[in-house]
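Colleague: So that we are looking at the same thing, I have put the structure below in structure tokens.
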Amino acid sequence: MKKGYLGVDVGSISTKGVIIDSDNNIIAEDYLWTEGNPVVAVKQLLKNLLVKTRNKDLLVVAVGTTGSARKLVGTILNAQVIKNEITAQAIGTLELYPEVRTIFEIGGQDSKIILIENGIIVDYAMNTLCAAGTGSFLSSQAKRLGMHPEDFGKWAIRSKKPTKIAARCTVFAESDLVHKAQIGHKKEDIIAGLCRSVVLNFLNNVGKGKNIKPPIVFQGGVSKNIGVVKAFADITGEEIKVHKYGHLTGAFGVALLAKRANDEHCFDFNFVNMHFETKGIECMKCPNNCEIICVYKNNKIIDSWGNRCDNGAVLKQ
Amino acid sequence: MALKGAVLSFPHLGDYHVPIAYFAKRLLNMKVIKPLPITKKTLEIGAKYSPDSVCVPFKYNLGNFIESLDQGASVLIQAGGGCRFGYYAEVQEQILRDLGYKFTFIRIVSNDKLTVTNIYRQLKQINPRLNFFLFIYYFYFIIRMSKSLENIQQYVNKNSGFEVEKGSFGLLYNKFLGEIELVNNIGELNRLFLRYQRAFNKLPINKPVDCLKVGIVGEVYVAIEPFSNCYVESQMAKKGVEVTRLVTATRILLRRPKDHRDLLVKAHPYLKYAIGADGTDSVAKTKVFAEEGYDGVIHIKPFACIPELNAMPMLQKISHDYNMPILYLSFDAQTSEAGVLTRLEAFYDMLLMKRGH
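As you go down the protein sequences, you meet chains W and S in turn. Positions 1 to 317 (the working numbering) are the ones given, in order, by the first sequence. Positions 318 to 674 (the working numbering) are the ones given, in order, by the second sequence.
Written as structure tokens, this is what we have:
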């Protein structure tokens with residue numbers, strides 16, 4: 001029986017999972033929409049992974065979680081490693097491209113740049129108060145233009161003269177886009193312009209002041225959009241590498257971390273049949289009203305968090 | 318100004334409510350109530366009645382004022398400074414009057430200089446019988462008190478991450494905060510400080526010599542008030558990091574013209590002239606941290622704080638020249654704590670990885 005290591009990355013828009021073997025090869029992967037319900041998404045993800053590994057004689061011995069729902073999912077999966085997505089993605093990418101110097105990452109609602117020297121992270125930045133130019137913006141604009149987000153890239157690379165679209169802010173970009181469409185710009189030019197504006201926005205905000213050096217790897221859901229990849233290459237003047245698992249690097253990285261944690265116990269796929277429930281309660285013991293999240297497994301509380309002080313500690317039964 | 322039966326209140330800033338209340342109680346001949354501890358409700362109320370785009374300390378201050386007025390305060394004190402802070406008093410007074418509150422509003426900084434004589438003049442208006450020598454004595458007293466607080470805070474920041482018994486630092490600090498309010502004279506204050514200094518030194522810690530060191534710079538309010546920065550200091554310390562924050566209230570209060578020049582010397586060659594409010598200070602301190610070999614710096618500002626935005630290009634340059642990462646955090650009323658924690662965690666991982674090679 002082979003040992004496997006599971007990495008789960010639950011983001012705002014999509015949920016990703018991979019299982020790697022002891023040689024760091026990805027033996028199973030899956031990608032689906034979170035749709036606002038991380039617990040259900042993870043259950044579905046594990047069902048799919050189970051189907052994909054059925055005949056492979058595999059025993060999952062370590063679990064790592066990352067992404068914005070890492071704590072919740074990590075608790076219910078009883079994960080060995082719960083890691084932020086920045087570290088996880090850097091670790092994952094370094095395994096795929098050991099010589100990488102710069103990582104661009106654009107996900108559903110976040111974007112980040114990670115700088116690497118000699119295989120270690122030396123600097124990073126993440127979008128702050130604004131999610132302009134991320135995947136969810138692109139997909140909403142795709143809907144506005146009446147197409148699937150997947151087709152966006154194909155349209156974009158057809159364009160010879162990308163339309164200039166205001167890059168600063170999603171709201172302005174959107175009104176500019178409508179304006180450009182109404183005065184008669186071609187659809188492919190507008191789409192290419194939109195891809196350019198995403199890139200400019202990224203480089204001006206997240207990448208501002210950062211020393212961008214090749215080799216550059218671009219990943220995250222948006223890296224599947226060839227229009228944005230082309231725009232990155234045009235604007236930076238460098239080759240942009242996109243891996244076929246570019247959308248899975250977070251999950252891959254955290255699987256690697258789980259493997260390195262050296263704390264192995266058999267993971268029970270029976271998890272998919274268990275009943276998990278989360279309840280949010282307000283503490284009400286002071287005006288801060290901390291929102292405390294309690295996680296129940298088969299109606300038994302397993303963990304809680306969110307309280308600022310001990311007054312709000314929920315008793316574990 | 319006849320203020321019989323008046324009740325005074327003031328906005329929060331970290332734990333400085335202790336010396337401020339102490340000072341006001343002894344000099345102003347009126348009842349003093351501390352604002353309620355800052356909670357989400359404070360920020361909600363403050364944000365509700367503030368202009369949306371104003372920097373976040375305004376919203377906290379206004380929330381404190383409203384909560385104090387509802388508790389029965391009738392005299393409010395506000396300071397000012399060399400940025401938007403200079404307009405806080407006027408705008409907040411107008412907002413509170415429009416809401417229908419009756420109160421006396423005192424600006425201890427009428428022009429943009431926060432000096433000792435200015436403060437005396439303003440306080441004299443509230444309490445005409447205020448004696449200058451007594452004022453100087455208590456002023457000195459609360460500076461000593463604030464410095465004691467700051468010294469202890471600094472020790473806590475530097476060492477609490479390595480405590481052997483979980484929570485021991487927090488517990489002792491709270492005890493200290495409770496007792497410092499009760500001292501009667503400078504001798505008692507000094508003895509109390511020494512006693513607690515010894516007690517803190519005795520708390521067992523398990524601190525490696527080459528632990529990770531992180532400096533905190535940035536805008537004064539958000540850097541000092543832990544609620545407003547999602548407890549950056551303690552969150553970072555908890556991971557086993559020595560945290561140093563040089564931004565303190567006494568440094569700002571006691572800054573002389575010469576110190577401003579010194580800051581520019583320290584910030585050389587990154588700055589040739591002052592860039593407003595605490596921006597110069599942030600650049601100078603970041604450079605000091607870099608020279609002292611800190612592993613990283615966290616730069617904290619309210620969203621859209623102009624002086625700190627001015628400082629950022631220089632910080633980026635320092636970060637590049639000294640190969641020291643800087644994490645930039647902006648805070649406003651909408652800041653999600655989860656986002657801040659994710660960034661801190663990644664920052665810590667990065668520093669650790671960087672150190673490991």
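The beta carbon of each residue, even a glycine, is placed where N, CA and C say it ideally should be. All values derive from a computational prediction rather than experimental measurement.
Could you pull the start and end residues of the alpha helix (DSSP H) that S/Y404 belongs to?
Modeller: Here the alpha helix (DSSP H) through S/Y404 covers F402 to D415.
Colleague: Taking all protein chains shown into account, do 16 or more other C-beta atoms lie within 10 angstroms of the C-beta of W/N299, making it buried, or fewer, making it exposed?
Modeller: So W/N299 counts as exposed.
Colleague: Name the residues in the segment 327-354 of chain S whose C-beta lies less than 8 Å from a C-beta of chain W; which are they?
Modeller: Correct list: L353 and P354.
Colleague: For the structure I just gave you, are there three or more beta carbon pairs, one from the segment 352-360 of chain S and one from the segment 277-294 of chain W, closer than 8 Å?
Modeller: Yes, they touch.
Colleague: Leaving out five residues on either side along the sequence, give the residues of the same chain with a beta carbon under 6 Å from the beta carbon of S/Y472.
Modeller: Only F517 meet the Cβ criterion.
Colleague: Any idea what DSSP makes of W/Q182, helix, strand or coil?
Modeller: Helix, per DSSP.
Colleague: Should W/K160 go down as buried or exposed, given a rule of 16 or more other Cβ atoms within 10 Å for buried?
Modeller: With fewer than 16 Cβ atoms within 10 Å of its Cβ, W/K160 is classed as exposed.
Colleague: Along chain S, which residues have their Cβ under 7 Å away from the Cβ of W/M126?
Modeller: Near W/M126 (Cβ distances below 7 Å), the residues of chain S are R660.
Colleague: Of all Cβ atoms in chain S, is any one closer than 8 Å to the Cβ of W/N318?
Modeller: Residue 318 of chain W is absent from the model: chain W starts at 1 and stops at 317.
Colleague: Using 8 Å as the threshold, is the C-beta distance between S/G631 and S/V600 below it?
Modeller: Reading off the sequence shown, one finds Met at residue 631 of chain S, where the question assumed Gly. For S/M631 and S/V600, yes; Cβs fall inside 8 Å.
Colleague: With DSSP as the reference, label W/Q219 as helix, strand or coil.
Modeller: Three-state DSSP puts W/Q219 in a strand.
Colleague: Could you check if S/V564 is buried or exposed, using at least 16 other CB atoms within 10 Å of its CB as the buried criterion?
Modeller: By the 10 Å Cβ count, S/V564 comes out buried.
Colleague: Between the alpha carbons of S/S463 and S/G504, how many angstroms are there, rounded?
Modeller: For S/S463 and S/G504, the distance between alpha carbons rounds to 15 Å.
Colleague: List the residues of chain S whose Cβ lies closer than 7 Å to the Cβ of W/T326, in chain order.
Modeller: The displayed coordinates of chain W run from 1 to 317. Any statement about residue 326 of chain W would go beyond what the structure contains.
Colleague: Give the straight-line distance between the Cα atoms of S/L668 and W/V254, rounded to the nearest whole angstrom.
Modeller: Going from the Cα of S/L668 to the Cα of W/V254 covers about 18 Å.
Colleague: For W/G286, does the three-state DSSP call read helix, strand or coil?
Modeller: In the sequence as displayed, the identity of residue 286 of chain W is Cys instead of Gly. In the structure shown, W/C286 sits in coil (DSSP, three-state: anything other than H, G, I, E or B).
Colleague: Using the C-alpha atoms, what's the distance from S/P521 back to W/Q80?
Modeller: Going from the Cα of W/Q80 to the Cα of S/P521 covers about 29 Å.
Colleague: Identify every run of the alpha helix (DSSP H) within the segment 574-650 of chain S, keeping only runs that are complete inside it and at least 4 residues long; order them along the chain.
Modeller: For the segment 574-650 of chain S, whole alpha helix (DSSP H) runs of length 4 or above, ordered along the chain, are 574-584, 596-608 and 623-639.
Colleague: Which runs of the alpha helix (DSSP H) fall wholly inside the segment 410-494 of chain S and span at least 4 residues, in chain order?
Modeller: Correct list: 433-443 and 449-476.
Colleague: If you draw a straight line from the C-alpha of S/S465 to the C-alpha of S/R508, how long is it?
Modeller: Rounded to whole angstroms, S/S465 to S/R508 spans 11 Å at the Cα level.
Colleague: Using a Cβ cut-off of 7 Å, pull out every chain W residue sitting near S/Q470, in sequence order please.
Modeller: Chain W residues near S/Q470: none, gap ~19 Å exceeds 7 Å.
Colleague: Identify the residues that DSSP records as bridge partners of W/D30: which are they?
Modeller: BP columns for W/D30 point to W/G17.
Colleague: With a threshold of 8 Å between beta-carbons, can S/A655 be considered close to chain W, or not?
Modeller: Yes, because at least one Cβ of chain W sits closer than 8 Å to the Cβ of S/A655.
Colleague: Determine the contact status of W/I20 and W/K244, defining contact as a CB-CB distance below 8 Å.
Modeller: Cβ atoms of W/I20 and W/K244: not closer than 8 Å.
Colleague: Exposed or buried, what is S/Q655 when buried is set at 16 or more other beta-carbons lying within 10 Å of its beta-carbon?
Modeller: A quick correction: the sequence has Ala, not Gln, at residue 655 of chain S. With fewer than 16 Cβ atoms within 10 Å of its Cβ, S/A655 is classed as exposed.
Colleague: Reducing DSSP to helix, strand and coil, say where S/A663 ends up.
Modeller: Helix.
Colleague: Would you say W/V81 faces chain S, with C-beta separation under 8 Å as the test?
Modeller: It does not: the Cβ of W/V81 has no partner Cβ on chain S nearer than 8 Å.
Colleague: Determine, using beta carbons only, whether W/I114 and W/I103 come nearer to each other than 8 Å.
Modeller: Yes, they are a contact pair.
Colleague: In the DSSP assignment, what are the bridge partners of S/I348?
Modeller: The sequence shown places Lys at residue 348 of chain S, rather than the Ile named in the question. DSSP lists S/V324 as partners of S/K348.
Colleague: Is the beta carbon of W/T128 closer than 8 Å to that of S/S653?
Modeller: Going by C-beta atoms, S/S653 is not nearer than 8 Å to W/T128.
Colleague: What does W/V122 touch in chain S if you count any residue whose Cβ is under 8 Å from its own?
Modeller: Residues of chain S passing the Cβ test: N640, P642, M667 and K671.
Colleague: As a quick exercise: from W/V206, W/R168, W/L203 and W/K164, pick the residue whose alpha carbon is nearest that of W/K186.
Modeller: Comparing Cα positions, the closest option is W/K164.
Colleague: Residues of chain W with a CB under 8 Å from the CB of S/T356: which are they?
Modeller: The contacting residues are C286, P287, N288 and N289.
Colleague: I'd like to know whether the C-beta atoms of W/A69 and W/P38 end up nearer to each other than 8 Å.
Modeller: Yes; because the gap between Cβ atoms is below 8 Å, this pair is in contact.
Colleague: Using a Cβ cut-off of 8 Å (strictly closer), state whether W/G107 contacts chain S.
Modeller: No, its Cβ sits nowhere closer than 8 Å to a Cβ of chain S.
Colleague: Using a Cβ-Cβ cutoff of 8 Å, what residues of the segment 41-71 of chain W are near chain S? List them in chain order.
Modeller: The residues in question are S68.
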